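Novice: For any residue, its number in my numbering is found by taking its place in the sequence shown, counting from 1, and adding 412.
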Amino acid sequence: MFHKVVFSNDVRLSYAVGRVRALEILMLPKGEFERFIDMNDGQLEKILSEHRYSFNIGEDIINDQVKNYNTISGFLKPVREYQNITRLIFLKNDIWNIKNYLKKRILKKSGQDNGYSLKFAAGNFGEDDIIRIIEKGKVDMIDPDRKELITESFKKILSDQDGVWTEHYLDQLYCELFYKELCQLQNSFLTFYYRNYLDLLNIENLIRMKLMNRNINNYEKVFFRNSFLKWIDMKEVFNKKIDEIPEQFKVKPYYAVIKEGIEEWQNRGNFNLFELKKDNYLLEILKLSKVAGFGIEPLMGYLWGKDMEHKNLRIVVQGRKRRLKQEKIKELLRETYV
Numbered sequence: 413m414f415h416k417v418v419f420s421n422d423v424r425l426s427y428a429v430g431r432v433r434a435l436e437i438l439m440l441p442k443g444e445f446e447r448f449i450d451m452n453d454g455q456l457e458k459i460l461s462e463h464r465y466s467f468n469i470g471e472d473i474i475n476d477q478v479k480n481y482n483t484i485s486g487f488l489k490p491v492r493e494y495q496n497i498t499r500l501i502f503l504k505n506d507i508w509n510i511k512n513y514l515k516k517r518i519l520k521k522s523g524q525d526n527g528y529s530l531k532f533a534a535g536n537f538g539e540d541d542i543i544r545i546i547e548k549g550k551v552d553m554i555d556p557d558r559k560e561l562i563t564e565s566f567k568k569i570l571s572d573q574d575g576v577w578t579e580h581y582l583d584q585l586y587c588e589l590f591y592k593e594l595c596q597l598q599n600s601f602l603t604f605y606y607r608n609y610l611d612l613l614n615i616e617n618l619i620r621m622k623l624m625n626r627n628i629n630n631y632e633k634v635f636f637r638n639s640f641l642k643w644i645d646m647k648e649v650f651n652k653k654i655d656e657i658p659e660q661f662k663v664k665p666y667y668a669v670i671k672e673g674i675e676e677w678q679n680r681g682n683f684n685l686f687e688l689k690k691d692n693y694l695l696e697i698l699k700l701s702k703v704a705g706f707g708i709e710p711l712m713g714y715l716w717g718k719d720m721e722h723k724n725l726r727i728v729v730q731g732r733k734r735r736l737k738q739e740k741i742k743e744l745l746r747e748t749y750v
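1) For the alpha helix (DSSP H) that contains asparagine 684, what are its first and last residues?
2) Excluding the five sequence neighbours on either side, which residues of its own chain have a C-beta within less than 6 Å of the C-beta of serine 426, listed in chain order?
3) Tell me whether the region 649–657 and the region 719–731 touch, counting them as touching only if at least three CB pairs, one residue from each stretch, are closer than 8 Å.
4) Does the region 418–435 come into contact with the region 481–491, if we say contact requires no fewer than three beta-carbon pairs (one atom in each stretch) closer than 8 Å?
5) Using a Cβ-Cβ cutoff of less than 8 Å, which residues in the same chain neighbour arginine 544 once the five nearest sequence positions on both sides are dropped?
6) Give me the Cα-Cα distance between leucine 711 and tyrosine 481, rounded to the nearest whole angstrom.
7) What's the call for lysine 567, buried or exposed, on a 16-neighbour Cβ count within 10 Å?
8) Spatial neighbours of threonine 498 within its chain, please: C-beta separation below 6 Å, excluding the five flanking residues on both sides.
9) Pairs of beta-carbons, one from the region 620–628 and one from the region 441–456, closer than 8 Å: are there three or more?
10) Let me know if methionine 646 comes out buried or exposed under the rule of 16 or more other beta-carbons within 10 Å of its beta-carbon.
11) Please state whether the Cβ-Cβ distance between threonine 578 and isoleucine 569 is less than 7 Å.
12) Can you grab the Cα-Cα spacing for the pair asparagine 692 / glycine 523, in whole Å?
13) Check each candidate in Arg620, Asn614 and Leu561 and name the one with the smallest Cα separation from lysine 592.
14) Between the Cα of valine 728 and those of Leu602, Leu460 and Thr483, spot the shortest distance and give me the residue it belongs to.
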């Protein structure tokens with residue numbers, strides 16, 4: 413399905429790759445998640461604690477992410493050309509913190525912020541820095557080399573008084589910065605993975621906009637640049653009926669993701685299958701990094717593979733809290749990196 417995959421084979425990271433292979437052994441396979449579903453609460457609580465998780469899964473995941481970010485950043489920082497990407501790894505948490513701060517800000521203006529807990533995940537910036545970025549306009553702190561791009565993005569973000577599109581604008585900014593860094597590194601595999609990720613994100617957003625009867629101007633606000641799919645082509649697809657959309661991507665390797673996802677929505681009114689198929693498709697690309705003997709690819713593969721582990725943990729723990737049937741929780745589980 414994926415041809416001409418090229419890895420960087422950077423031997424300077426040979427020790428780091430060896431350490432990551434050891435960490436992969438500790439990752440949870442899909443069968444383990446299926447076993448979790450069948451356990452009672454006491455058994456599950458015990459087994460989760462052995463993996464350093466608990467029923468307070470949201471906070472546990474943030475803590476685990478920070479630990480993994482620190483580990484991978486520690487491997488990459490000594491190599492000069494990877495120093496910027498270590499900052500971008502942590503920038504993901506900074507973006508999350510900015511989203512929370514802006515949400516608190518909007519709620520405060522409307523007098524609805526009572527009881528809203530403002531938590532900060534460990535990133536490049538502390539709480540005071542986040543306030544300076546937003547309130548003092550010090551947006552160039554995010555990336556001095558991309559000042560023009562960030563300034564333009566924050567004009568849109570801060571003009572969104574109701575916060576309707578703020579999260580999308582921030583996600584677009586992060587993806588733009590991350591993609592530009594991958595281009596700077598000239599890393600073929602990671603760029604290929606990321607552009608496929610943006611493709612499916614753009615298709616998912618297009619379908620969601622159509623299901624909500626939104627117009628093309630709304631869709632343009634949530635469109636991610638730098639995907640293989642161009643805006644001019646997606647404008648044409650937007651004008652198609654829902655059941656005509658899959659045929660527009662028949663030559664794409666992810667055609668089945670779109671076709672089966674839309675059929676499931678049409679037959680059962682359920683869009684979960686599209687999201688699941690999308691995640692599994694991207695994971696199949698990501699798992700190719702496991703065969704790379706050297707380079708940054710296995711390190712990023714591990715980080716992104718942990719994201720899928722965290723998603724499955726949320727599905728299991730939150731599904732049980734919502735009293736979903738065991739069969740339903742199993743249907744929602746994604747494939748895993750190991």
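All C-beta atoms in this analysis are idealised placements derived from N, C-alpha and C, irrespective of residue type, glycine included. Because the structure is a prediction, the values reported are computed rather than measured.
Specialist: Walking through what the data contain:
1) As a position in the sequence shown, residue 684 is number 272, starting the count at 1. It spans 684–698 - the alpha helix (DSSP H) in which asparagine 684 sits, taken as one unbroken run.
2) Sequence index remark: in the sequence shown, residue 426 carries index 14 (1-based). Excluding positions up to five away in sequence, the list reads Phe706.
3) no
4) yes
5) Locating residue 544 in the sequence shown gives position 132, counting from the first residue. The answer, listed in chain order, is Lys550 and Met553.
6) Numbered from 1 along the sequence shown, position 299 holds the residue referred to as residue 711. Numbered from 1 along the sequence shown, position 69 holds the residue referred to as residue 481. One C-alpha to the other measures close to 10 Å.
7) On the sequence shown, position 155 is the one that residue 567 refers to. Per the 10 Å Cβ criterion, exposed.
8) Numbered from its first residue, the sequence shown carries residue 498 at position 86. Answer for threonine 498: Ser485, Leu488 and Lys489, listed in chain order.
9) no
10) Position 234 of the sequence shown, counted from the start, is the residue given in the question as residue 646. Its Cβ being crowded by 16 or more others within 10 Å, methionine 646 is buried.
11) Taking the sequence shown and counting its residues from 1, the one referred to as residue 578 is at position 166. Taking the sequence shown and counting its residues from 1, the one referred to as residue 569 is at position 157. Yes; because the gap between Cβ atoms is below 7 Å, this pair is in contact.
12) On the sequence shown, residue 692 is found 280 positions in, with the first residue counted as 1. On the sequence shown, residue 523 is found 111 positions in, with the first residue counted as 1. Distance between the alpha carbons of asparagine 692 and glycine 523: 42 Å.
13) Taking the first residue of the sequence shown as 1, we reach residue 592 at position 180. Answer by Cα proximity: Leu561.
14) As a first step, residue 728 must be located in the sequence shown, where it is residue number 316. Selected option, being the one with the closest Cα: Leu460.
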